[in-house]
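Below: the structure, in structure tokens.
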Amino acid sequence: NLEEWQVPLTTIPPSLLSAATALRTTPVPVAFPTETVYGLGADATRSAAVRGIYTAKGRPSDNPLIVHVADLAMLRSLLSAPIPPIYLPLIKKFWPGPLTILLPVSADSQRKLAPEVTAGLPTFGARMPASPLARTLIKLAGAPLAAPSANASTKPSPTTAQHVLDDLDGRIEVILDGGPCAVGVESTVVDGLCEPPAVLRPGGVSIEELRACRGWEGVVRAYRDADAGEEKPRAPGMKYKHYSPRARVVLFEGGDGDGKKKWQGAGGEEERTVGVIRTGRWEVDGGWDGFEVEEFGRQVGEGVVDVREGKLVGEKELRLLDVDLTGGVKAVAHGLFAALRELDRLGADVILVEGVDDGDDIAAAVMNRLRKAASEIRRAS
Ligand code: TXA
Ligand code: MG
Numbered sequence: 043n044l045e046e047w048q049v050p051l052t053t054i055p056p057s058l059l060s061a062a063t064a065l066r067t068t069p070v071p072v073a074f075p076t077e078t079v080y081g082l083g084a085d086a087t088r089s090a091a092v093r094g095i096y097t098a099k100g101r102p103s104d105n106p107l108i109v110h111v112a113d114l115a116m117l118r119s120l121l122s123a124p125i126p127p128i129y130l131p132l133i134k135k136f137w138p139g140p141l142t143i144l145l146p147v148s149a150d151s152q153r154k155l156a157p158e159v160t161a162g163l164p165t166f167g168a169r170m171p172a173s174p175l176a177r178t179l180i181k182l183a184g185a186p187l188a189a190p191s192a193n194a195s196t197k198p199s200p201t202t203a204q205h206v207l208d209d210l211d212g213r214i215e216v217i218l219d220g221g222p223c224a225v226g227v228e229s230t231v232v233d234g235l236c237e238p239p240a241v242l243r244p245g246g247v248s249i250e251e252l253r254a255c256r257g258w259e260g261v262v263r264a265y266r267d268a269d270a271g272e273e274k275p276r277a278p279g280m281k282y283k284h285y286s287p288r289a290r291v292v293l294f295e296g297g298d299g300d301g302k303k304k305w306q307g308a309g310g311e312e313e314r315t316v317g318v319i320r321t322g323r324w325e326v327d328g329g330w331d332g333f334e335v336e337e338f339g340r341q342v343g344e345g346v347v348d349v350r351e352g353k354l355v356g357e358k359e360l361r362l363l364d365v366d367l368t369g370g371v372k373a374v375a376h377g378l379f380a381a382l383r384e385l386d387r388l389g390a391d392v393i394l395v396e397g398v399d400d401g402d403d404i405a406a407a408v409m410n411r412l413r414k415a416a417s418e419i420r421r422a423s
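Every number in full-length UniProt numbering is 42 more than the matching position in the sequence shown, counting from 1.
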């Protein structure tokens with residue numbers, strides 16, 4: 043029962059206490075784990091604190107932030123009316139968890155979120171994270187936390203504390219380490235205030251799971267994976283470059299049966315260190331003749347990077363970084379951002395990614411992130 047849910051306050055690690063103190067007393071945001079990705083949190087009721095998030099990330103301030111709450115009482119304290127009934131089945135089923143709902147911003151000044159949170163919109167996004175560490179932090183901070191993903195703007199979202207450190211070292215003071223994030227892609231953002239209700243960002247809760255809830259049978263996808271330009275996007279974050287490693291990303295849409303030949307021909311002339319992310323159909327056997335295995339078994343999320351040096355059949359001398367994420371679509375979601383970051387770290391010039399079949403499961407989130415990260419998309423011919 044969510045009403046009676048309590049944070050277990052008996053065994054609080056000192057790091058959690060100092061993180062909560064920093065949130066209460068300083069304008070510097072704190073990085074913390076959630077089940078989706080690491081967040082960069084600040085007291086959502088204090089403008090100076092929220093501005094600190096935009097500064098640390100280098101994030102454009104017209105992109106609104108999600109408000110993270112520890113419990114329903116905290117959420118209600120931000121509202122001037124009851125929670126709209128359309129959301130009740132979702133809250134019951136998916137909270138705490140990877141779902142963000144849009145709610146009306148209260149006009150009541152007693153309940154106000156800092157205006158920087160919503161970037162001037164009449165709605166705000168709210169979510170109750172599943173991570174007990176996250177909820178305990180929010181409870182100890184005594185305020186809802188505005189938190190975007192804790193990456194530098196434009197980079198892949200962080201799914202380990204190390205990723206946060208790689209991006210934000212020197213810009214923040216505290217990173218709470220809760221280990222790798224379980225889901226690996228961000229929350230699903232839904233708007234139930236419009237008719238029909240809409241998914242604004244696919245994520246950890248799938249469209250098929252939403253559709254199974256009362257009032258959500260007719261839920262529509264109101265997002266575009268590729269930036270189509272002219273029309274004003276409904277989720278403001280969608281117009282920016284996103285999830286991008288330094289390396290050029292070439293995405294092969296799901297359904298390419300014989301991927302092997304395709305990825306062998308995909309690198310540019312100057313691109314000699316080639317990362318390959320395999321999710322299912324692509325095979326290594328036979329395509330790797332002439333490669334010596336130099337290092338093997340570096341762990342990336344659920345997958346493994348296998349670094350091979352040598353000469354590909356043909357003239358070009360290549361170093362291949364093979365990431366195996368073939369454990370099913372949940373494993374792809376779990377390891378994707380880590381794989382993009384690891385391939386950057388190992389010096390990939392280009393990253394060739396095997397897509398998954400788009401669908402109403404978490405594949406929608408995987409393909410959304412990949413299409414945004416890609417500078418080139420190839421389709422099965
Ligand atoms: O899983 C997550 O949601 C993570 C963790 C840290 O909780 N957070 C996250 O935040 O992904 P961020 O800021 O990277 O993405 C927030 C998304 C953006 O696409 C933003 O435009 C959308 O939510 N959003 C937030 N408030 C909105 C609003 N009022 N109307 C429409 N879209 C909104
Ligand atoms: Mg983000």
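For each residue, glycine too, the CB sits at the ideal point set by N, CA and C.
Since the structure is predicted, the reported quantities are computational estimates derived from the model, not experimental observations.
Collapsed DSSP secondary structure at Gly377 in the structure displayed: Residue state, collapsed to three classes: helix.
Sheet register partners of residue 432 (DSSP bridge): There is simply no residue 432 to check, as the chain begins at 43 and stops at 423 in what is shown.
Inter-residue Cα distance where the pair is Ala381 and Arg314: Taking the straight line joining both Cα atoms gives about 18 angstroms.
One or two residues paired with residue 18 in a DSSP bridge: In the structure displayed, the chain extends from 43 to 423; residue 18 sits before or after that span and is not available.
Any non-hydrogen atom of ligand 2 within 7 angstroms of Ser191 CB: Relative to ligand 2, the nearest heavy atom lies less than 7 angstroms away from the CB of Ser191.
Distance cut-off 7 angstroms: Glu77 Cβ against heavy atoms of ligand 2: Not under cutoff, so the answer is no.
Nearest candidate by alpha-carbon position, reference residue 428, set Ala149, Asp364, Phe166 and Arg101: Summary: the structure shown does not reach residue 428, with the chain confined to residues 43 through 423, and so no result is reported for it.
Beta strand (DSSP E) segment containing Ala92, residue limits: This sequence places Val at residue 92; Ala is not what is there. Note, Val92: premise wrong, no beta strand (DSSP E); alpha helix (DSSP H) at Ser89 to Lys99.
Three-state secondary structure assigned by DSSP to Lys281: With a pLDDT of only 45 at Lys281, under the threshold of 50, the placement of this residue in the model should not be trusted, and no figure is reported.
Cα-Cα separation between Asp400 and Pro244, rounded to whole angstroms: Their Cα atoms are separated by approximately 11 angstroms.
Beta-carbon spacing of Val227, Gly246 below 8 angstroms: Yes, the pair counts as a contact, with Cβ atoms nearer than the cut-off.
Nearest to Leu362 (by Cα), restricted to the options Phe379, Val392 and Val371: Scanning Phe379, Val392 and Val371 for the CA closest to the CA of Leu362 turns up Val392.
Whole alpha helix (DSSP H) elements within the region 233 to 276, 4-residue minimum: The region 233 to 276 contains these whole alpha helix (DSSP H) runs: 249 to 253.
Straight-line Cα distance separating Glu396 from Leu182: Rounded to whole angstroms, the gap between the alpha carbons of Leu182 and Glu396 is 43 angstroms.
Residue environment, Glu337, which counts as buried when at least 16 other CB atoms sit within 10 Å: Its pLDDT being 41, under 50, Glu337 is placed unreliably by the model, and nothing is read from it.
Coil, strand or helix - Ala183 by DSSP: DSSP places Ala183 in helix when its eight states are reduced to three.
Residue range of the beta strand (DSSP E) that includes Pro146: Looking at the DSSP string, the run of the beta strand (DSSP E) that includes Pro146 is Leu141 to Pro146.
Local conformation of Thr63 per DSSP, three classes: DSSP places Thr63 in helix when its eight states are reduced to three.
Straight-line gap, Ala64 to Arg421 (C-alpha atoms, nearest Å): Going from the Cα of Ala64 to the Cα of Arg421 covers about 48 angstroms.
Reference Ile133, options Met170, Thr160 and Leu58, closest by Cα: Ile133 has its Cα closest to that of Met170, out of Met170, Thr160 and Leu58.
Beta-carbon spacing of Arg383, Pro287 below 8 angstroms: Yes, these two residues count as a Cβ contact at 8 angstroms.
Straight-line gap, Ala407 to Pro190 (C-alpha atoms, nearest Å): Distance from the CA atom of Ala407 to the CA atom of Pro190, rounded to whole angstroms, is 17 angstroms.
Alpha-carbon to alpha-carbon, Arg256 and Ile419: In a straight line, the C-alpha of Ile419 is about 37 angstroms away from that of Arg256.
Best match in Ser199, Leu210, Leu242 and Thr230 for proximity to Pro222 [C-alpha to C-alpha]: Of Ser199, Leu210, Leu242 and Thr230, the residue nearest in Cα terms is Ser199.
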